[in-house]
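Before any comments, here is the structure.
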Amino acid sequence: MFSDMKTSQDIMQGFYDSMGPMLADGPTLKVHVLTTGSWPTQSTAICNLPPETLTMCDKFKTYYLGTHNGCGLTWQTMF
């Protein structure tokens, strides 16, 4: 579990480093990438995110899947 937290920090740093100025006008996004099966899951409530946030999520997903072959993402939003 602790390694997931460190890995998430590294992934977010890599995301912001790679995207640089392209993210300057968007909202700040913080993602925790967790290992499936290591954390309890809960049913996800419907969360309608603003378009600016959805754009950031799409950019992160593209970055993550491009740098982590064979991995997937399932979003569990917190509001």
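Number 50 in the UniProt record's numbering belongs to position 50 of the sequence shown; there are no gaps in the numbering.
The beta carbon of each residue, even a glycine, is placed where N, CA and C say it ideally should be.
Closest by C-alpha distance to residue i, when choosing among the options
i          : options               : result
D10        : L23, G20 and V31      : V31
T77        : T35, D4, S8 and A45   : A45
residue 84 : S8, C47, L65 and G26  : A question about residue 84 goes unanswered here, because the residues of the chain that appear run from 1 up to 79.
P50        : H68, T67 and L29      : L29
D25        : C47, G72 and T53      : T53
M12        : C47, T55, K61 and T74 : K61
Own chain, CB closer than 8 Å to residue i, minus 5 neighbours either side, in chain order
i   : result
Y63 : G14, F15, S18 and M19
For residue i, the first and last residue of its enclosing alpha helix (DSSP H)
i   : result
P27 : Per DSSP, P27 belongs to no alpha helix (DSSP H) and is neither H nor E.
P51 : P51 to T67
Buried or exposed (CB count within 10 angstroms, at least 16 for buried), residue i
i   : result
M5  : exposed
M22 : exposed
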